[in-house]
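Each protein sequence line maps, in turn, to chains A and B.
FYI, the numbering for the first sequence is 3 to 644, going by our numbering.
FYI, the numbering for the second sequence is 9 to 96, going by our numbering.
Every residue gets a Cβ at the ideal spot worked out from N, C-alpha and C, and that includes glycine.
Working notes, structure below.
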Amino acid sequence: MVYTQSPLAIGLFIVFVSFVLGLSFFLARRTKSADSYYAAGGNIHWFTNGVAFAGDYLSAASFLGICGMIATAGYDGWMYSIGYLAGWIVALFLVAEPMKRLGKYTFTDALDSKFNSKAIQLTAAISTLVVSVFYLIPQMVGAGVLVQPLLGLPHWAGVCIVGIVVTIIVATAGMASTTYVQFFKGALLLIMSTVLVIYVLTQGLSTSPVNNGQPYHEFKTLQADTALNISEAGYSVVAGLDSEFGKAGFIELVKDGRETIWHLNQNEQGFRLEETLFMTKMPDGTKTFNGAAKEEGMFFPVGHIKELRVNGQEVATTGAVGPLAYLSALKDSTIVLWGKKYIQDGANTVTVYYQKPTPGDRVLRPGLKFKVDNATGTQTFNFVSLMLALFCGTAALPHILIRYYTVPSQAAARKSTIVAIAAIGFFYVLTLFLGLGAMTNGVINLTDNNMSAPLLALSFGVVLFSIISSLAFATVLGTVSGLIVAASGAVAHDLMDNFLGMRMTDEGKVRAGKISAVVVGCIAIYLGIIFEGMNVSFLVGWAFAVAASANLPAILMLLFWKRTTAKGIAASITVGLISSLGLILISPDMWVRYGYLPTEAPISFNSPALISIPLSFLALVMVSMMTQKDLVINDATETAGA
Amino acid sequence: MGHGPAVKLGKDDASAYKTKLGVKMFIAYTLVYVVFVAINATSPKTMQSIVLGQTAAVIWGFGLIGLALVMAIIYNHFCTRAEARMNS
C-alpha cells in the first residue's frame, strides 16, 4: 500500500511529542530523589494510577496488534483481548496489595523482602530486563509501522524517533513523567477509540465499502475450460497447472505485459479463476507488489462482505446500527477473508493472498488462526499454552507491578487495579468492533495487518486518521517509557545498588537510573529494527509467556507457601526464564526468522507456557524443600534481630 | 538494602480477610476461564451456536470481560467494608 502524508497528521504528531517532552522537563525539576524517580514519590491518586495502568497496558499490541489480528482472523484475535483482561483478575485478587506492602521500587524488592538474598536480586533483575526487552520489541515494531503512513518515514526512523523521545522522557523525570504521560494517553485512547467505533456503527455494513472517497477495488473473476483457455480475450497462461503455481492451486496469466496470479476453483465448465494479490521477493531482497513497484499502488487494500444479510434478507447496506445489531448482521453474512500461500518460483519467493469467503458465524467463533478444529494434540497444546500465558502474564509484568509503588496505600493499589480493569475491559470490547470494522471496510494491508485500526480511521477521513495515528504513536511512547523505567530500575536499583552493593547517594541512584534508561533505549531501538514485520500482539504473547514462567510462580509461592526459600525463588526464576526462552528460540516461528522452514524446527509449538510455568513451580518446590535449613537460619536471625 | 514501601504504610488488620476473599474469588473466576478455554479447545463448533442472537463465543467473551469487572467491584466493596471495620 502507498500512503500519502497529511500535514495535519504531522502537525498533531509534533504537538503531542512536544507536549510529553514539555511535561517531562517540567516534572524533572521535582524529580531529585530516588523515591520520586522510581516511584513518583508514592503519592499518585488511585484513579490517575488506574488510568495510567490502562495507558501502560494498552500498548501497541492491544491497539495495533489485536485490531489487526481480528481484522484478518476474526474472533481468534479477540481471544487475546479476553486472555489479557482475565490476567488482571490475578493481579487484583492475588498480587496488588501484597506487592504494595512488600516492595519499594522494583518487583525484585517484593520478592526479596523476606530474604535479602543476592541470588534473588540477580535473577529477578535479569528476569525484569529480559521480560522488558521482550515487551519492548513489539512496541518498537509498532512505532516503525506507524511512521510510514504518518510521517512518510521508513520503519527504522520510527523506531529511532520513539527510542530517542522515550529515553528523554524517562531520563528526565522517571516514573513521575511516565505516569502522567500514561494517564493522558490512556484517557485519550479510550475516548478516541470510542469515537472510531461510533463512526463504524453509524456507517453500518455494506457490500461496497468506500475507503476515504476511494471506491473499493473490484476483484475480477474469469472462467477457463479444463485446457485453461480463458473466456476473456487478451490473457495468456504463463504458469499453468504443471507449474509450482498450479500445484499450489493457482495459475499465472499475463495481459498487456502485466503478470497476474489467479486462484483456481474447479466448476462444471472447468475452472473459475479469482484474482489474487501477490508479493514477489527476489534473491537480492527486492520486492514487487502485484508485479509492480510498491509506489505504483497495485497492491490494493482489502476487506469486504460478499453477501450481507439482515433478518434473513440479502441487502446492500445496513445503514446505522447498534453494536448488537452490527454483530448479528455480520454473523448472518458471508465475509471475504484472505488466505496466504508461499510458492517458490525459481529463485523468487512468491506470497499469494487469495480470497476465502467465510460465513460470519464462523468468523465470530475461534478457529481461523488457532488450529482448534480437528486439532492434533500439539495444536491443542499450543492454544491452551497461549491462553495460560495470557492469563498468568499480566500479574508478572515488571512494568505493571512497579506501578503499585506509585500509590500511597494498599487500598489505593486495589482501587487503581479496579479502574484499570474497567478501562481496559471497555477498550477490549471496542477492539472487537474496530477489528471487524477493518475487516469489512476495505482497509486491510495484507502485508502488515498491524495498521488496520489507523487505516480504518483513514477510511473515515484524514482528520480522524491523523488523531488516531498520533494517538497510536503516543500509545507506543507511553508503554515504552514504562518498560524503560522498569528496566532501568532493575539495573540501577536491583543490580548496582542491591546486588553489587555499590553504596550510592540518592542522587547517584537517580543518575544510575538515567544512564541505564539510555542504554536500554539503545538496545530497544536495535531490536525494533531487526524484528520488522512481525505481528505485535503475537510478539507480546511471547513476553507474557516469559513473564508468567519466570516471575509469577515466584510471586505466588512467596505469598502463599510459607516454606518458600530464597534459593527456591532464584531457582524458579532461572528455570522459568531459561525454559521459556529456550522453547521460544527453537519454536517454528523463530525457525522462520532464521530463514528455515517452520516444519524443520525441533519442536512443533510456539507457546511455551504450559511447559515452562509448571517447570518453574516444580523447581521452586524442589529447591525450597532441599533448603529448608536456610529458612530456619533466616527465621532465627530475624528473631535474634527483633 | 532498600526494601520496604516507598511511603510509610499504616497497619492493616484486614489483610488476612482480604487475602482469603481474594483467593476464593480468584478460584471462582479461574474456573469460568478454564471452562471457556476448554470449550474452545475441545469443541469449538459449540462456540458457533447461537445464544441470545449472537454466537456463543461472543456471549462468552462479553461475559468474561463483564464478570471480571463485576467481581472486582464486589471484591472492593467487601474489602473496603472490612478495612473500615477492622482498622478503625
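Contact under 9 Å by Cβ, residue i with residue j
i: leucine 203 of chain A; j: phenylalanine 435 of chain A; result: yes
i: tyrosine 328 of chain A; j: glycine 523 of chain A; result: no
i: histidine 265 of chain A; j: glutamate 534 of chain A; result: no
i: phenylalanine 185 of chain A; j: valine 374 of chain A; result: no
i: leucine 153 of chain A; j: isoleucine 12 of chain A; result: yes
i: glycine 543 of chain A; j: serine 461 of chain A; result: no
i: threonine 336 of chain A; j: phenylalanine 273 of chain A; result: no
i: valine 478 of chain A; j: alanine 241 of chain A; result: no
i: threonine 419 of chain A; j: valine 352 of chain A; result: no
i: cysteine 69 of chain A; j: serine 387 of chain A; result: no
i: valine 92 of chain A; j: threonine 396 of chain A; result: yes
i: glycine 61 of chain B; j: isoleucine 84 of chain A; result: no
i: threonine 50 of chain B; j: alanine 64 of chain B; result: no
i: histidine 306 of chain A; j: tyrosine 218 of chain A; result: yes
i: threonine 481 of chain A; j: alanine 159 of chain A; result: no
i: valine 625 of chain A; j: lysine 569 of chain A; result: yes
i: leucine 94 of chain A; j: isoleucine 613 of chain A; result: no
i: tryptophan 340 of chain A; j: leucine 448 of chain A; result: yes
i: alanine 121 of chain A; j: isoleucine 517 of chain A; result: no
i: aspartate 20 of chain B; j: glutamine 630 of chain A; result: no
i: threonine 50 of chain A; j: asparagine 500 of chain A; result: no
Integer-rounded CB distance, given that residue j should sit under 8 Å from residue i
i: valine 304 of chain A; j: isoleucine 446 of chain A; result: 5 Å
i: methionine 79 of chain B; j: methionine 33 of chain B; result: 6 Å
i: serine 20 of chain A; j: threonine 433 of chain A; result: Going by Cβ atoms, the distance from serine 20 of chain A to threonine 433 of chain A rounds to 29 Å, so no, they are not a contact pair.
i: lysine 417 of chain A; j: asparagine 84 of chain B; result: 7 Å
i: tyrosine 25 of chain B; j: alanine 88 of chain A; result: The Cβ separation is near 24 Å, so there is no contact.
i: valine 354 of chain A; j: isoleucine 232 of chain A; result: Rounded, the Cβ-Cβ distance is 18 Å, inconsistent with contact.
i: leucine 243 of chain A; j: leucine 230 of chain A; result: 7 Å
i: aspartate 58 of chain A; j: histidine 401 of chain A; result: 6 Å
i: leucine 466 of chain A; j: leucine 198 of chain A; result: 7 Å
i: serine 581 of chain A; j: threonine 380 of chain A; result: Not quite, the Cβ-Cβ distance comes to about 17 Å (not below 8 Å), so this is no contact.
i: isoleucine 171 of chain A; j: valine 17 of chain A; result: Actually they are not in contact, since the Cβ atoms of isoleucine 171 of chain A and valine 17 of chain A sit about 16 Å apart, beyond 8 Å.
i: valine 421 of chain A; j: threonine 169 of chain A; result: Not confirmed; about 29 Å, so no contact.
i: glycine 236 of chain A; j: lysine 257 of chain A; result: 5 Å
Local conformation of residue i per DSSP, three classes
i: valine 323 of chain A; result: coil
i: alanine 90 of chain B; result: helix
i: alanine 226 of chain A; result: strand
i: proline 604 of chain A; result: coil
i: isoleucine 420 of chain A; result: helix
i: valine 212 of chain A; result: strand
i: isoleucine 47 of chain B; result: helix
i: asparagine 84 of chain B; result: helix
i: isoleucine 58 of chain B; result: strand
i: threonine 169 of chain A; result: helix
i: threonine 63 of chain B; result: strand
i: isoleucine 46 of chain A; result: coil
i: proline 555 of chain A; result: helix
i: isoleucine 588 of chain A; result: coil
i: proline 217 of chain A; result: strand
i: valine 493 of chain A; result: helix
### Query
Which full runs of the beta strand (DSSP E) of 3+ residues lie inside the segment 335–413 of chain A, going along the chain?
336–347, 350–361
### Cβ contact check for the segment 470–490 of chain A and the segment 92–101 of chain A: 3 or more pairs under 8 Å
no
### Query
What alpha helix (DSSP H) runs, 4 residues minimum, are completely inside the segment 230–318 of chain A?
As summarised for the segment 230–318 of chain A, the continuous alpha helix (DSSP H) elements at least 4 residues long and confined to that stretch are 246–249, given in chain order.
### Query
Whole alpha helix (DSSP H) runs in the segment 57–123 of chain A with 4 or more residues, listed along the chain?
69–75, 77–92, 98–104, 109–113
### Query
Okay, do the segment 365–374 of chain A and the segment 63–83 of chain A touch, 3+ Cβ pairs below 8 Å being the bar?
yes
### Query
Counting Cβ pairs closer than 8 Å, one from the segment 278–296 of chain A and one from the segment 242–251 of chain A, do we hit at least three?
no
### Message
Count Cβ pairs between the segment 111–130 of chain A and the segment 585–605 of chain A that sit closer than 8 Å; are there 3 or more?
### Response
no
### Task
Spell out a yes or no on whether the segment 618–627 of chain A and the segment 550–567 of chain A are touching, meaning 3 or more CB-CB pairs, one atom from each, closer than 8 Å.
yes
### Message
For the segment 397–416 of chain A against the segment 101–114 of chain A, do three or more pairs of beta-carbon atoms, one drawn from each stretch, fall closer than 8 Å, so that the two count as touching?
### Response
yes
### Query
So, do the segment 23–31 of chain A and the segment 172–182 of chain A have three or more beta carbon pairs nearer to each other than 8 Å?
Counting Cβ pairs under 8 Å, three or more are found: they touch.
### Task
Give a yes or no on contact between the segment 184–198 of chain A and the segment 496–513 of chain A, applying the rule of three or more CB pairs nearer than 8 Å.
Output reads no: the segment 496–513 of chain A does not touch the segment 184–198 of chain A.
#### Entry: Contact residues within the segment 76–93 of chain B, judged by C-beta distance below 9 Å to chain E
Structure shown: chain E not included; protein chains present are A and B.
#### Entry: Whole beta strand (DSSP E) elements within the segment 180–210 of chain A, 3-residue minimum
Listed in chain order, nothing qualifies, since the segment 180–210 of chain A has no complete beta strand (DSSP E) run of 3 or more residues.
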